[in-house]
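>
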Amino acid sequence: MKSSVLLEAGTGELEIIVFIVNGNAYCINVLKSREIIQLNEVRPGAHTNKSILGLTSVRDKVMTVIDLSYILDNKPTDLANNKMALVCEFNKQEVMFVVDSIVGIRRIKWSDITKPDRLLKSTLSVGNILTESGILLMLDFEKIVTDLSDADNVYLTSKGKVGSKPERMTKKIYIAEDSKTIRNLLKDVLISAGYTQLTVFDNGQDVLQAVYEVKQKYGEDFNKKVDLLITDIEMPILDGHTVTRRIKEDPLLGRLPVVIFSSLITADLFHKGERVGADRQISKPEIEDLVAALDELLF
Numbered sequence: 008m009k010s011s012v013l014l015e016a017g018t019g020e021l022e023i024i025v026f027i028v029n030g031n032a033y034c035i036n037v038l039k040s041r042e043i044i045q046l047n048e049v050r051p052g053a054h055t056n057k058s059i060l061g062l063t064s065v066r067d068k069v070m071t072v073i074d075l076s077y078i079l080d081n082k083p084t085d086l087a088n089n090k091m092a093l094v095c096e097f098n099k100q101e102v103m104f105v106v107d108s109i110v111g112i113r114r115i116k117w118s119d120i121t122k123p124d125r126l127l128k129s130t131l132s133v134g135n136i137l138t139e140s141g142i143l144l145m146l147d148f149e150k151i152v153t154d155l156s157d158a159d160n161v162y163l164t165s166k167g168k169v170g171s172k173p174e175r176m177t178k179k180i181y182i183a184e185d186s187k188t189i190r191n192l193l194k195d196v197l198i199s200a201g202y203t204q205l206t207v208f209d210n211g212q213d214v215l216q217a218v219y220e221v222k223q224k225y226g227e228d229f230n231k232k233v234d235l236l237i238t239d240i241e242m243p244i245l246d247g248h249t250v251t252r253r254i255k256e257d258p259l260l261g262r263l264p265v266v267i268f269s270s271l272i273t274a275d276l277f278h279k280g281e282r283v284g285a286d287r288q289i290s291k292p293e294i295e296d297l298v299a300a301l302d303e304l305l306f
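In this note's numbering, the protein residues as written are 8 to 306.
#1: Below 8 Å CB to CB, which residues in the same chain sit around Lys178 once its five sequence neighbours on both sides are set aside?
#2: For the stretch 210 to 221 against the stretch 265 to 283, do three or more pairs of beta-carbon atoms, one drawn from each stretch, fall closer than 8 Å, so that the two count as touching?
#3: Would Asp147 pass as a contact of Leu131 if the rule is Cβ separation under 8 Å?
#4: Please state if the CB of Arg190 and the CB of Glu184 are separated by a distance shorter than 8 Å.
#5: Grouping DSSP H, G and I as helix and E and B as strand, with all else coil, what is Lys179?
#6: Per DSSP, which one or two residues make a beta bridge with Asn31?
#7: Considering only the beta carbon of each residue, do Ala217 and Phe208 sit closer than 8 Å?
#8: Would you decide whether Ile142 is buried or exposed? Buried here means 16 or more other CB atoms lie within 10 Å of its CB.
#9: Measuring alpha carbon to alpha carbon, tell me which of Lys39, Val298, Val65 and Phe268 ends up nearest Asn47.
#10: If you draw a straight line from the alpha carbon of Thr121 to that of Ile73, how long is it in whole angstroms?
#11: Whole angstroms are fine: how far does the CA of Thr63 sit from the CA of Lys232?
#12: Check this for me: beta carbons of Val106 and Ile180, under 8 Å apart or not?
#13: Report buried or exposed for Pro292, applying the criterion of at least 16 other Cβ atoms within 10 angstroms of its Cβ.
#14: Is it the case that the Cβ atoms of Phe268 and Leu245 are separated by a distance below 8 Å?
#15: Identify the residues that DSSP records as bridge partners of Asn135: which are they?
#16: In the DSSP assignment, find the beta strand (DSSP E) that holds Lys116 and state where it starts and stops.
#17: Can you tell me whether His278 is buried or exposed, with buried defined as 16 or more other CB within 10 angstroms of its CB?
#18: My guess is that Gly247 and Asp257 are in contact by the Cβ rule of under 8 Å, so how many angstroms apart are they, rounded?
#19: Using DSSP with H/G/I as helix, E/B as strand and the rest coil, what is Leu263?
#20: Check for me: the alpha helix (DSSP H) holding Ser76 runs from which residue to which?
#21: Tell me the rounded alpha-carbon separation between Leu259 and Ile59.
#22: Helix, strand or coil for Glu293? Go by DSSP, reduced to three states.
#23: Tell me, which residues are paired with Glu22 by DSSP?
#24: Between Glu220 and Ser186, is the Cβ-Cβ spacing less than 8 Å?
#25: Whose C-alpha, out of Ala53, Pro243 and Asn29, is nearest the C-alpha of Asp80?
#26: Following the continuous beta strand (DSSP E) through Ala285, name the residue where it begins and the one where it ends.
#27: Taking only three categories from DSSP, how would you classify Asn230?
#28: Do Ile23 and Cys34 have their beta-carbon atoms positioned less than 8 Å apart in this structure?
The following block contains the structure:
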């Protein structure tokens with residue numbers, strides 16, 4: 008599926024899979040879904056979480072089956088009806104999300120994605136897309152998986168493994184990450200490692216604007232305000248590849264180290280980050296590798 012829909016890095020476009028759950032339309036970045044399958048037999052597992060339907064196998068791989076209907080609407084899925092499933096990989100774990108049906112794939116611009124309403128504090132959406140047929144919600148799948156695997160949360164376990172160094176306190180880091188859950192976990196780990204001067208943004212446009220403002224105020228001495236940028240790829244309004252490309256094309260800001268930290272970094276997609284000039288690309292949730300990369304670039 009992916010080979011036919013990959014877009015050039017930094018163009019401001021992406022392709023999404025539109026799907027239906029309980030009559031409502033949602034979407035996921037094509038690059039976050041390995042494949043779409045017809046759901047067959049699901050074996051109940053030894054668990055008590057109602058958001059997990061059980062286990063199934065796909066080409067000799069055993070996967071956890073997650074019930075999006077229960078997560079979104081507190082309504083258990085009726086497996087007696089034919090269901091489709093999105094096979095995804097997060098935190099190096101392949102999981103399956105059950106949906107009612109797949110509408111199709113469509114191309115949009117990152118600028119078409121708006122930030123969720125701030126009043127919806129507990130929303131599972133990282134972005135809203137207004138289409139001719141209504142509103143599409145782009146779900147925070149990483150939050151869903153992180154919440155379900157809280158006991159094995161890599162960010163929390165890494166917090167005790169990454170030692171603190173006092174010299175890290177002098178470095179000023181900007182972070183662009185749309186998922187509030189991942190943003191807070193990332194902050195906690197970096198602060199525990201000694202990187203305490205953190206400024207966070209929830210979309211690419213805001214962080215790029217902030218970097219431009221620093222350049223306008225400080226010129227060549229922009230590192231008085233920011234020493235390095237960590238950016239996700241998938242974000243509302245402006246994606247991380249475009250942010251990186253614009254920074255690296257700037258005669259002054261090109262010296263600013265940019266680390267892409269994303270679940271979309273795979274062997275197939277690594278070249279995209281290279282093309283836009285990223286200094287490092289770290290796959291989530293390799294937080295220890297991220298800290299090592301920061302040390303290499305900043306000292």
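Note that the Cβ used here is the ideal one computed from N, Cα and C, for glycine as well.
Note that the coordinates shown come from a computational prediction; the quantities given were computed from them, not determined experimentally.
The relevant details are as follows:
#1: Tyr202, Gln204, Asp234, Leu235, Leu301 and Leu305
#2: no
#3: yes
#4: yes
#5: strand
#6: Val28
#7: yes
#8: exposed
#9: Val65
#10: 26 Å
#11: 50 Å
#12: no
#13: buried
#14: no
#15: Thr121 and Leu144
#16: Ser108 to Lys116
#17: exposed
#18: Actually they do not touch by this definition, with Cβ atoms about 16 Å apart.
#19: coil
#20: Leu75 to Asp80
#21: 50 Å
#22: coil
#23: Arg114
#24: no
#25: Asn29
#26: Premise fails: Ala285 is in no beta strand (DSSP E) and is neither H nor E.
#27: helix
#28: yes
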